[in-house]
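**Q** Okay, so the sequence shown: first residue is 15 according to my numbering, each after it adds one.
We treat Cβ as the ideally placed atom computed from N, Cα and C, and that holds for glycine.
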Amino acid sequence: MDPFAEIWDQHLLPHMRQRGFSPDFLRLDPALTPLPADISMGSCPNDDKSSDMPEKLLMISAEFVWSVDPEAKNIQRLVDYLEYKAPLPGTGAHLSHFTTTSEIVPIQVLFHRHHERKEQLAALIQHSPREFLDILKAAGDNYDTQSVQLFDCLYCLQLIIDEYLPATIRQVETALPETTSDADRVWRELVEGGLPTIFVTMVGYVSILSTIPYLVKVIRALVTWCSRKPIKMSQARAATMRSITSLLEMFWEAIWTRRKLLLGSSTPMYLVYYIEDIEQIDEGDARVFLSLLVHDYGLISNSSYAEQPSRDAYMALCRVMVFLWLNPAIEKSEPQPETWTTILGIVSLFAGGKYAGLTLDDLKTFVERDILPEYGAKLFLTNLSHAMRAPSAHSKDRTRGEDVRDMLFAIDTMAVRAECKPYFVSSGLLQAIREVFDDPLLRTLSSDRQWLVYRDAIEILDGIIALAPTGKAAQALLRGHNVFGLISQSISVYGDTRESHADSVLVNIICAYIAVAGGSQARGGHEEFLSAMTLALRAHWYPIIRDSSTTVEYDAQGAPTGKVVRTIEHWIALGKLLGLEIAQEKESYERRAIQMCAWNGCQYHAKKPPTPTRACAGCGEVRYCSRPYQKSDWKGGHSTRCKRIKENAHNKTREAWS
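1) Which residues bound the beta strand (DSSP E) around residue 247?
2) Provide the residue span of the alpha helix (DSSP H) that contains residue 475, from first to last.
3) Are residue 315 and residue 259 close, meaning C-beta to C-beta below 8 Å?
4) Note down, one range per segment and in chain order, each beta strand (DSSP E) of at least 3 residues found wholly within the stretch 132 to 217.
5) Taking all protein chains shown into account, do 16 or more other C-beta atoms lie within 10 angstroms of the C-beta of residue 610, making it buried, or fewer, making it exposed?
6) Measure the alpha-carbon distance for residue 597 versus residue 604 and round it to whole angstroms.
7) Per the DSSP calculation, residue 629 is bridged to which residue(s)?
8) Restricting to Cα atoms, I'd like to know which of 151, 167, 160, 155 is closest to residue 140.
9) For a cutoff of 8 Å on Cβ pairs, would you count residue 639 as touching chain C?
10) Given 8 Å as the limit, is there contact between the stretch 645 to 655 and the stretch 583 to 591, that is, 3 or more CB pairs closer than that?
11) Report yes if the CB atom of residue 143 is closer than 8 Å to the CB atom of residue 104, and no otherwise.
12) Output the boundary residues of the alpha helix (DSSP H) element that contains residue 335.
13) Skipping 5 residues on each side, what residues in its chain have a beta carbon closer than 7 Å to that of residue 28?
14) Determine the burial state of residue 77: buried for a count of at least 16 other Cβ atoms within 10 Å of its Cβ, exposed for fewer.
15) Mapping the DSSP letters down to three states, classify residue 24 as helix, strand or coil.
16) Could you tell me whether the Cβ atoms of residue 391 and residue 437 are closer together than 8 Å?
17) Report the three-state DSSP secondary structure of residue 578 (helix, strand or coil).
18) To the nearest angstrom, report how far apart residue 361 and residue 336 are at their CA atoms.
19) Would you check if the stretch 631 to 651 and the stretch 480 to 493 touch, i.e. whether three or more CB-CB distances between them fall below 8 Å?
20) Run through DSSP, which three-state label would residue 567 get?
21) Note down the Cα distance separating residue 465 from residue 432, rounded to an integer number of angstroms.
22) Compute the Euclidean distance between the alpha carbons of residue 356 and residue 480, then round it to the nearest angstrom.
23) For the structure I just gave you, are there three or more beta carbon pairs, one from the stretch 467 to 475 and one from the stretch 443 to 450, closer than 8 Å?
24) Using three-state DSSP, classify residue 421 as helix, strand or coil.
25) Sort 342, 373, 233, 266 by Cα distance to residue 333 and report the nearest one.
26) In this structure, how does DSSP classify residue 36 when only helix, strand and coil are distinguished?
27) Give the straight-line distance between the Cα atoms of residue 326 and residue 198, rounded to the nearest whole angstrom.
28) Taking 8 Å as the threshold (C-beta atoms), are residue 467 and residue 418 in contact?
29) Just mark residue 292 as buried or exposed, buried being the case when its beta carbon has 16 or more other beta carbons within 10 Å.
30) Give me, in chain order, the residues of the same chain whose beta-carbon lies closer than 7 Å to that of residue 23; leave out the 5 immediate sequence neighbours on both sides.
31) I'd like to know whether the C-beta atoms of residue 368 and residue 427 end up nearer to each other than 8 Å.
32) Please determine, among 79, 85, 214, 31, the residue with the shortest C-alpha to C-alpha distance to residue 95.
33) Contact check, residue 132 vs residue 172 under 8 Å by CB: the rounded distance?
34) What are the start and end residues of the beta strand (DSSP E) that includes residue 80?
35) Please classify residue 568 as buried or exposed, where buried requires at least 16 neighbouring CB atoms within 10 angstroms.
36) In whole angstroms, what is the alpha-carbon distance linking residue 615 and residue 590?
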């Protein structure tokens, strides 16, 4: 049982009797609605940091905390706050009354009447949305008079939106056209009846943390309404959309101005009346609600039916999202799929929003002017690397490969720049990119889809090398991240593709290392670096030359042709520049293959094991010291190579470059 389920009977009422509340005020009538059983603990959103015990304070709404004190003026504060200042149609005739000889209205009656009025308000929004809007406007205009009515109106709007939003989204990129459903009808009447204009006056409520989810839900539903194909276009609809775009600009300006509200902080606990209304909103909840808007902005930026928000509104959204993502004062847990959604949502506004009016150049400028000066390159790259390792949030309409490619695109566009050069290694970004090649989910994809992912990753590595050819990143790629193994793996997958793909990315990165090696040799003084490069290359140089022979054809003159020929010719040139010769490496490879374990993660990959190795039953060429390492190598790419070796042996294919 919830420890707070009977808090009124067992805890709060005895406490109130002890505090001196009159029996009439505490009198209960079994015929009326029981005192709320769902009262629970919640964080007070106000600035009140009182050290009072929770039972001394009762949170009635996001803005109102009532001190449990028997003073007459204090009780009157509660009475006044629970009264609706804007009268409802037919108020009074059907509301319950409590017969008593005293003038004191019991607390049960106060809450019972409030409950009835709230139910009446919820019914009103369904059958007469425009009358509800009149109540909402009046409650907003009378906000200074302190009444729960405004928050009850927001709660009723939330109920409508909870029915409206789930039925509108078909997939990531599009929203369904408008329908004649009750949910669509009610929301359409609310919007066209003036809800956006009324909400302009409520943007200032973002200073109250617990109102942010209410406001965000309304904004989300308004943005979605703009994105959908309407049943009928009209001048009135166009004017309504313009008022919505104005509201969006004001909303993001208000959020940005009060962004410190979203930082983590400790808040005292209080008893909360009607917990589903308050929702115990804290800073983390507010941040989650705000992040949902990234998706909705993606919808509107691709809708031809919508009046587009201004560039400033889009940029303000991006600033707030980056603040939530990067601010070091916000406590971070392990990256979640929502991290992908936020980052990719931001990038998509610049790269994929057809009507947003933003470009990739704008994104690069945004990184240069808003991200790096504010948060620093190291923090930015560190959080990118964490995001890269987070589980993706791909839907059934997308593959893991598409999600990884999107994240690689984000990294390539935002992070491969000179300002980030000192932190590629220390931030963990290089390691995160390197781990893409070990992703088991990617290996379940076709060779063509795998290649697209590897191509994008190799392109980033090539860009990093270009920024610092012999620097820490280049050396880390050689020694710690097995860059030549990644290139070799990519060549292998590229050779197995069925569609027509360009090999320029592979040729470019090999040429980059040719230039690095040649330049280092010419300048002198880089012997250690060149030695490390040669050692790193040797392990992968001849095997991929040999394996690629199966994909090669020959012209009339006997010259090799095929998709991998140009890449392998550059690969051979790199090896020869570093002193490698095919005949010698072939002999060394074959001798090593007989003795060593083929799994490159094994300690016996580079030295002779204490017991004889066993050959792969498939190809008979590679050998392993144990079955677990054989399984690891199979998942690591030998499954593809094994097939190629068998075909080579069956067809007696000659080695094209021997």
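**A** On the basis of the coordinates in this document:
1) As a working note, residue 247 is residue 233 in the sequence shown. Taken as a continuous stretch (DSSP letters only), residue 247 belongs to no beta strand (DSSP E), as it is neither H nor E.
2) As a position in the sequence shown, residue 475 is number 461, starting the count at 1. Boundaries of the alpha helix (DSSP H) harbouring residue 475: 461 to 481, taken from the DSSP string.
3) Position 301 of the sequence shown, counted from the start, is the residue given in the question as residue 315. Position 245 of the sequence shown, counted from the start, is the residue given in the question as residue 259. Result no, Cβ atoms of residue 315 and residue 259 do not sit closer than 8 Å.
4) Here no run is fully enclosed.
5) If you number the sequence shown from 1, residue 610 lands on position 596. Around the C-beta of residue 610, 16 or more other C-beta atoms lie within 10 Å, and the residue is accordingly described as buried.
6) Position 583 of the sequence shown holds residue 597. Position 590 of the sequence shown holds residue 604. One C-alpha to the other measures close to 11 Å.
7) By 1-based counting over the sequence shown, the position of residue 629 is 615. Listed as beta-bridge partners of residue 629 by DSSP are 637.
8) Here residue 140 corresponds to residue number 126 of the sequence shown, with the count starting at 1. It is 167 whose Cα lies nearest to the Cα of residue 140.
9) Of the protein chains in the structure, only one exists, and it is not chain C.
10) Taking a contact to require three or more Cβ pairs closer than 8 Å, the stretch 645 to 655 and the stretch 583 to 591 do not qualify as touching.
11) Along the sequence shown, read from residue 1 onward, the residue named residue 143 stands at position 129. Along the sequence shown, read from residue 1 onward, the residue named residue 104 stands at position 90. In this structure, residue 143 keeps its C-beta atom at 8 Å or more from the C-beta atom of residue 104.
12) If you number the sequence shown from 1, residue 335 lands on position 321. 325 to 340 is the span of the alpha helix (DSSP H), which, as asked, contains residue 335.
13) Within the sequence shown, numbered from 1, the residue matching residue 28 stands at position 14. Taken in chain order, the list of residues that qualify is empty.
14) Here residue 77 is taken as the residue at index 63 of the sequence shown, counted from 1. Buried, because 16 or more other Cβ atoms sit within 10 Å of the Cβ of residue 77.
15) In the sequence shown, residue 24 corresponds to position 10, counting from 1. If DSSP states are grouped into helix, strand and coil, residue 24 belongs with the helices.
16) Locating residue 391 in the sequence shown gives position 377, where the first residue counts as 1. Locating residue 437 in the sequence shown gives position 423, where the first residue counts as 1. In this structure, residue 391 sits near residue 437, with a CB-CB distance shorter than 8 Å.
17) Locating residue 578 in the sequence shown gives position 564, counting from the first residue. Three-state DSSP puts residue 578 in coil, outside helix and strand.
18) Mapped onto the sequence shown, residue 361 falls at position 347. Mapped onto the sequence shown, residue 336 falls at position 322. Cα to Cα, residue 361 sits roughly 11 Å from residue 336.
19) With a cut-off of 8 Å on Cβ pairs, the stretch 480 to 493 is not in contact with the stretch 631 to 651, counting fewer than three such pairs.
20) Here residue 567 is taken as the residue at index 553 of the sequence shown, counted from 1. Residue state, collapsed to three classes: strand.
21) For this step, residue 465 is matched to residue 451 along the sequence shown. For this step, residue 432 is matched to residue 418 along the sequence shown. The alpha-carbon separation between residue 465 and residue 432 amounts to approximately 27 Å.
22) Position 342 of the sequence shown, counted from the first residue, corresponds to residue 356. Position 466 of the sequence shown, counted from the first residue, corresponds to residue 480. Rounded to the nearest angstrom, the two C-alpha atoms are 29 Å apart.
23) Pairwise C-beta distances place the stretch 467 to 475 in contact with the stretch 443 to 450, as three or more of them are shorter than 8 Å.
24) Here residue 421 corresponds to residue number 407 of the sequence shown, with the count starting at 1. Reduced to three states, the DSSP call for residue 421 is helix.
25) In the sequence shown, the residue the question calls residue 333 occupies position 319. With distances taken between Cα atoms, residue 333 lies closest to 266.
26) Within the sequence shown, residue 36 is the residue found at index 22, counting from 1. Looking at residue 36 - three-state DSSP - the assignment turns out to be coil, as it is neither helix nor strand.
27) Position 312 of the sequence shown holds residue 326. Position 184 of the sequence shown holds residue 198. Those two C-alpha atoms are separated by around 30 Å.
28) Position 404 of the sequence shown, counting from 1, holds the residue named residue 418. Position 453 of the sequence shown, counting from 1, holds the residue named residue 467. Residue 418 is a Cβ neighbour of residue 467, given a cutoff of 8 Å.
29) Walking along the sequence shown from the start, residue 292 turns up at place 278. The pLDDT assigned to residue 292 is 44, lower than 50, so where the model puts this residue is not dependable, and the model offers no usable value.
30) Against the sequence shown, residue 23 aligns to sequence position 9. Here the set comprises nothing.
31) The count along the sequence shown starts at 1 and reaches residue 368 at position 354. The count along the sequence shown starts at 1 and reaches residue 427 at position 413. It is not a contact, given that the beta carbons lie outside the stated cut-off.
32) What you label residue 95 is simply residue 81 of the sequence shown in a count that begins at 1. Selected option, being the one with the closest Cα: 79.
33) The residue given as residue 132 occupies position 118 in the sequence shown. The residue given as residue 172 occupies position 158 in the sequence shown. Not quite, the Cβ-Cβ distance comes to about 12 Å (not below 8 Å), so this is no contact.
34) As a working mapping, residue 80 is identified with position 66 in the sequence shown. In the DSSP assignment, residue 80 falls within the unbroken beta strand (DSSP E) covering 79 to 81.
35) For the purposes of this step, residue 568 is identified with residue 554 of the sequence shown, where counting begins at 1. Counting the other Cβ atoms within 10 Å of the Cβ of residue 568 gives fewer than 16, which makes it exposed.
36) As a first step, residue 615 must be located in the sequence shown, where it is residue number 601. As a first step, residue 590 must be located in the sequence shown, where it is residue number 576. Rounded to the nearest angstrom, the two C-alpha atoms are 27 Å apart.
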